[in-house]
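J.:
Residue numbers (our numbering): 465 to 1146.
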């Protein structure tokens, strides 16, 4: 270990409670959240990273299967420092998943099935929950329906709780809101987008098992294995497909198949499969999309397609990479475990030989195993037997040879004359949970751990690990450090709760103090209800008053799929104004996160109050309305032309008979008479 690294106990606490930075099982799952309890003698690693490294190298308690290659020296030093100082304090950190919950089509006034969000504390101290609520324009249509999270409660570091949300729409159409959880973690609040579609009459609701397909690296000019997408109808009326269209940059690379068809309506609650095959004609990346158009209340669905063309390559992998049978009584029935072989290349793969090098105590079970060619991505299983004929340790290597190479699995065990435990699992192959909607949980699957041996066994490791370990939940009566007596048993319950659509996989790992290790594959598929179109309008209404200046209304797509706006219908003295900087001419697609301005003019034809609206509609019939109003002023009367009627500008009479004229004439005559009588006056 490099001496320059100063061990960080707080960082070590995070690694211990949450697992490797790249994802995987947390140490706390087997040793409890507090190392001071010294479960499985973990205190021997206090400030001693070499002890952890040695345990991983020796695959003690299955640690090699879980952590090999996942921790660097600095990680081990930090974990050892935390084990030596378990009282170190830190800060909470909240993670609320999934990022969105979409409810299937629901009739007005009815309550749909509740969906769950999980609040996890990925920090290093307790996470305190302040409030849990729903906010947003349609908050009244969503409600908290239960769960294990509670305001005022706390979530321990490395633990989690759930919030159940239900949907009871009061208004028809697309409804959206936000689940908000306020806490003492970084940021103060975590949120989940909520959406649902309400209908006044039964409608179809479309859901998909994946929103994208990545074909990986495919051999040029060779068809891929068909990739399947399940389409389901969680609504109350038949789902009718109007078009299944391939598009995007390279649509010619893809071809469609499967049972879904325009001519086959899908009944409420039913599902069908679409298959997509890709065949690249040149090297490099390719992309496309599949659009499923239908009468679903939540609109059309677009599925992204991607991959790359590459030279033909044969490759394979084995899971687990090591098998440990532990101690077994000489002469007893052979122990059995399985190895899963997978084709990880881009061409068909055939195993020419599957055999052992090493101790004769190990053998492949009789029969033909992995004899048929494997398509890319396919798997097969090889059962391995251990039957020691003498005391002592045994080791061998299982070698599976194929066109172009071989994969190897190290196998170990020990023979003894003493009484030993004989752990067996009721499941010897993968556990499949089928298709479950994101946010919901599958029915638990029970695996029984039995001990038909003559000595008690202790469970050293019991955890879920793998690429999507967080999507599977562990329960049951079996637990790390628990003892199973001879002829006794305990149960392991696994549940699938997908956090994202698509294929999800993990492994159930179990190791006993006798050295026996099991790796049981877990698999399931998350399905997602297609999010209803979510168009935001700013403002949602406007009163022009007496102004005739144009008004800009911003249209935004707050959803996760494009909104195909087909028409805008105006009523009243209002009309759209073409504007080079505004929205495109209808019809047009508004992409997720995009926005544009709809420019509207008010042109009243008469004075007085007026009202109207603009109704925006998508190609699936979803609509949004902007309320409009105005108040046109009365047209002022034209001014009368200037008049000078009568005797002059001072005249008060228009008929020419102004009495002022006679008075003026009399006054003029008096002046003349006075001047004649007084000639000397100037």
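Beta carbons: idealized from backbone N, C-alpha and C, even for Gly.
So, helix, strand or coil for residue 1060, using DSSP?
T.: Correct three-state label for residue 1060: strand.
J.: Within the same chain, show all residues whose beta-carbon is closer than 7 Å to that of residue 622, passing over the 5 residues directly before and after it, in chain order.
T.: Within the same chain, residue 622 has close Cβ partners 481, 482, 490, 492, 497 and 585.
J.: Between the C-alpha atoms of residue 816 and residue 947, what's the straight-line distance to the nearest angstrom?
T.: Residue 816 and residue 947: Cα-Cα distance of roughly 43 Å.
J.: Please work out which residues of its chain come closer than 6 Å, Cβ to Cβ, to residue 829, disregarding the five sequence neighbours upstream and downstream, and give them in chain order.
T.: The residues are 847 and 849.
J.: Of the choices 861, 1003, 825 and 574, whose alpha-carbon is the least far from that of residue 635?
T.: The candidate whose alpha carbon is nearest that of residue 635 is 574.
J.: Where does the unbroken beta strand (DSSP E) through residue 1007 begin, and where does it stop?
T.: Segment 1005–1007, the beta strand (DSSP E) holding residue 1007.
J.: Can you tell me whether residue 671 is buried or exposed, with buried defined as 16 or more other CB within 10 angstroms of its CB?
T.: Residue 671 comes out buried.
J.: Only counting the same chain, and skipping five residues up and downstream in sequence, which positions put a Cβ closer than 6 Å to that of residue 1028?
T.: Taken in chain order, the residues that qualify are 1053, 1082 and 1083.
J.: Rounded to the nearest angstrom, how far is the Cβ of residue 884 from that of residue 792, given a contact under 8 Å?
T.: The pair is a contact, with the Cβ atoms about 6 Å apart (cut-off 8 Å).
J.: May I have a chain-ordered list of the beta strand (DSSP E) segments no shorter than 3 residues that lie completely inside the stretch 810–836?
T.: As far as the stretch 810–836 is concerned, its whole beta strand (DSSP E) runs of at least 3 residues are 815–822 and 826–828.
J.: Are at least three pairs of beta-carbons, each pair with one atom in the stretch 817–824 and one in the stretch 777–790, less than 8 Å apart?
T.: The stretch 817–824, when compared against the stretch 777–790, does not touch it at the 8 Å Cβ threshold.
J.: Below 9 Å between beta carbons: does that hold for residue 1064 and residue 1079?
T.: Against a cut-off of 9 Å, the Cβ pair of residue 1079 and residue 1064 comes out as no contact.
J.: One question on the structure: do residue 907 and residue 935 come within less than 9 Å of each other, judged by their Cβ atoms?
T.: The answer is no: Cβ separation not under 9 Å.
J.: So, using beta-carbon positions, are residue 958 and residue 895 closer together than 9 Å?
T.: Yes, these two residues count as a Cβ contact at 9 Å.
J.: Tell me whether residue 858 sits in a helix, a strand or coil according to DSSP, three-state version.
T.: The answer is strand: DSSP assigns residue 858 an E or B state.
J.: Would residue 973 and residue 529 qualify as a contact pair, given that the criterion is a beta-carbon distance under 9 Å?
T.: In this structure, residue 529 lies closer than 9 Å to residue 973 by Cβ.
J.: Which class does residue 714 belong to by DSSP, given the choice of helix, strand or coil?
T.: Coil, per DSSP.
J.: Alpha helix (DSSP H) containing residue 477: first to last residue?
T.: Its alpha helix (DSSP H) spans residues 473–482.
J.: Report back the beta-carbon spacing between residue 554 and residue 477 to the nearest angstrom; my notes put them in contact at under 8 Å.
T.: That belief holds up - the Cβ atoms of residue 554 and residue 477 are roughly 6 Å apart, short of 8 Å.
J.: Which value, in whole angstroms, describes the spacing of the CA atoms of residue 503 and residue 680?
T.: About 43 Å.
J.: To the nearest angstrom, how far is it from the Cα of residue 506 to the Cα of residue 495?
T.: If you take the alpha carbons of residue 506 and residue 495, they lie about 7 Å apart.
J.: Using beta-carbon positions only, say whether residue 661 and residue 625 come within less than 9 Å of one another.
T.: Cβ atoms of residue 661 and residue 625: not closer than 9 Å.
J.: Let's test the definition: count the other Cβ atoms within 10 Å of the Cβ of residue 876 and tell me whether it reaches 16, buried, or not, exposed.
T.: It counts as buried.
J.: What residues match up with residue 909 in a beta bridge as DSSP calls it?
T.: Residue 909 pairs with 958.
J.: Identify, in the order they occur along the chain, each residue of the same chain with its Cβ nearer than 6 Å to the Cβ of residue 690, setting aside the five sequence neighbours on each side.
T.: These residues qualify, in order along the chain: 739 and 741.
J.: Say whether the stretch 716–733 touches the stretch 682–696, bearing in mind that this needs 3 or more beta-carbon pairs closer than 8 Å, one atom from each stretch.
T.: Cβ pair count under 8 Å is three or more, so yes.
J.: Starting from the C-beta of residue 1121, find all residues in its chain whose C-beta is less than 7 Å away, skip the five residues before and the five after it, and write them out in chain order.
T.: Below a pLDDT of 50, predicted positions are generally treated as unreliable, and residue 1121, at 49, falls in that range; no measurement from the model is reported.
J.: Apart from the five residues just before and just after residue 471, which ones in its own chain have a Cβ nearer than 6 Å to its Cβ?
T.: Here the set comprises 541, 542 and 545.
J.: So residue 811 and residue 777 are in contact, right, with Cβ under 8 Å, and what is the actual spacing, rounded?
T.: Correct: roughly 7 Å between the Cβ atoms.
J.: Quickly, what does DSSP pair residue 922 with across the bridge? List them, please.
T.: Per DSSP, 947.
J.: Leaving out five residues before and five after residue 1058 in sequence, what residues of the same chain have Cβ atoms less than 8 Å from its Cβ?
T.: Around residue 1058: 1020 and 1021.
J.: Can you tell me whether residue 1117 is buried or exposed, with buried defined as 16 or more other CB within 10 angstroms of its CB?
T.: At residue 1117, the pLDDT of 42 sits below 50, so the modelled position is not reliable; the number obtained from the coordinates is stated separately. Result: exposed.
J.: Report the start-end ranges of each beta strand (DSSP E) in the stretch 767–799 that is 3 residues or longer and not cut off at the edges.
T.: The stretch 767–799 contains these whole beta strand (DSSP E) runs: 780–783 and 786–793.
J.: Can you have a look at residue 1106 and say buried or exposed, based on whether 16 or more other CB atoms are within 10 angstroms of its CB?
T.: Per-residue confidence for residue 1106 stands at a pLDDT of 47, beneath the threshold of 50, marking its modelled position as unreliable; the derived number appears in the next sentence. So residue 1106 ends up on the exposed side.
J.: Beta-carbon within less than 6 Å of residue 515's beta-carbon, same chain only, minus the 5 sequence neighbours each way: which residues are those?
T.: Excluding sequence neighbours, residue 515 sits near 508 and 509.
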